[in-house]
Amino acid sequence: MSSVDPEKNKPSPARIGVWLVVGAIGVYMLTSGVIGILSGGS
Numbered sequence: 110m111s112s113v114d115p116e117k118n119k120p121s122p123a124r125i126g127v128w129l130v131v132g133a134i135g136v137y138m139l140t141s142g143v144i145g146i147l148s149g150g151s
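Each residue of the sequence shown is one higher than the one before, counting from 110 in my numbering.
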């Protein structure tokens with residue numbers, strides 16, 4: 110893993126992958142929270 114170079118300041122596949130993972134985790138947390146509420150979990 111190298112540091113970000115100023116010349117490579119445009120969106121890279123790696124950055125897109127990171128955002129996909131972050132979004133997936135957020136959706137998972139929201140979904141699990143909603144399921145917990147619907148199932149009457151504390």
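All C-beta atoms in this analysis are idealised placements derived from N, C-alpha and C, irrespective of residue type, glycine included.
Using only the alpha-carbon positions, how far apart do Ile146 and Met138 sit?
Whole-angstrom Cα-Cα distance: 12 Å.
Alpha-carbon spacing of Ala133 relative to Ser148, whole angstroms
Rounded to whole angstroms, Ala133 to Ser148 spans 22 Å at the Cα level.
Quick check on DSSP: helix, strand or coil for Gly132?
Gly132 falls in the helix class under three-state DSSP.
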